[in-house]
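>
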Amino acid sequence: MRKAFQILIILLILVSCFESKKEIITENRTLYVFDLDSLKRTENYKLTIKTKDSIVKYKYLNPNDDEKNITVRYNLNSKILSFAFGEFELTEKNKYSESELSKEQFDLFELIDSPTDGNGPMLFNKIYGILNIDNGWGMKFIYLKTEKNPKLTKDIINKLNE
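Count the sequence shown with the numbering used here and you get residues 97 to 258, in order.
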């Protein structure tokens with residue numbers, strides 16, 4: 097009985113050593129909302145990035161309106177971004193680079209099985225998260241770490257329109 101108890105303790109120690117690694121990062125973001133390349137409004141968000149095993153979860157929380165919160169999951173193995181409204185696949189690596197935002201380049205993702213009026217392309221990297229969302233109807237949403245940088249937002253929109 098004593099030997100079985102010792103084996104159980106050893107197994108519990110081993111299992112706890114192999115427990116999945118979790119990492120949590122919290123940052124601020126400013127959302128710039130454009131309609132046909134004209135700035136309509138800005139909103140502040142709190143971004144929380146949680147890594148567990150091969151999934152990175154990005155939660156964008158709007159302090160003033162819970163209905164504007166979004167959660168995105170990125171699978172490190174399959175390179176698929178998952179939203180409530182669909183999955184996006186990697187279509188072009190290193191599409192956009194801006195050292196002011198991230199040391200890592202942004203990759204281009206597009207909606208899998210896109211309907212005619214589905215979301216447009218999205219720039220993303222696993223360290224920064226989402227750089228933009230394009231709703232396909234002329235609305236563009238850009239998430240920046242910095243406030244009031246019209247040159248940077250214009251550069252991102254131009255890159256997406258290429």
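The beta-carbon is built from N, C-alpha and C at its ideal position, and this holds for glycine as well.
Since the structure is predicted, the reported quantities are computational estimates derived from the model, not experimental observations.
Using the beta-carbon count (16 or more within 10 Å), is Arg-125 buried or exposed?
As a position in the sequence shown, residue 125 is number 29, starting the count at 1. Arg-125 should be labelled buried.
> Among Lys-136, Met-235, Lys-175, whose alpha-carbon lies nearest the alpha-carbon of Ser-150?
Numbered from 1 along the sequence shown, position 54 holds the residue referred to as residue 150. The shortest C-alpha separation from Ser-150 is found at Lys-175.
> Starting from the Cα of Asn-257, find the closest Cα among Gly-234, Tyr-239, Leu-157 and give me that residue.
For the purposes of this step, residue 257 is taken as residue 161 along the sequence shown, with counting starting at 1. Closest option to Asn-257, Cα to Cα, is Gly-234.
> Going by DSSP, which residues form a beta bridge with Phe-179?
Residue numbering aside, residue 179 sits at position 83 when the sequence shown is read from its first letter. Answer is Gly-182, bridged to Phe-179.
> Please report the Cβ distance between Glu-185 and Glu-206, rounded to the nearest whole angstrom; I am assuming they are in contact, meaning their Cβ atoms lie under 8 Å.
Position 89 of the sequence shown, counting from 1, holds the residue named residue 185. Position 110 of the sequence shown, counting from 1, holds the residue named residue 206. Yes, Glu-185 and Glu-206 are in contact; Cβ-Cβ is about 6 Å, under 8 Å.
> Would you say the region 127-143 touches the region 240-252, given that touching needs at least three Cβ pairs under 8 Å?
Verdict: yes, contact present.
> Relative to the C-alpha of Thr-167, which candidate in Leu-204, Gly-225, Asn-160, Lys-189 has its C-alpha closest?
As a working mapping, residue 167 is identified with position 71 in the sequence shown. Minimum Cα distance to Thr-167 is reached at Gly-225.
> Which word fits Lys-244, buried or exposed, when buried means at least 16 other C-beta atoms lie within 10 angstroms of its C-beta?
Translated into positions along the sequence shown, residue 244 becomes position 148. When all chains shown are included, Lys-244 counts as exposed.
> For Asp-131, which of helix, strand or coil comes out of DSSP?
Looking up residue 131 in the sequence shown gives position 35. Strand, per DSSP.
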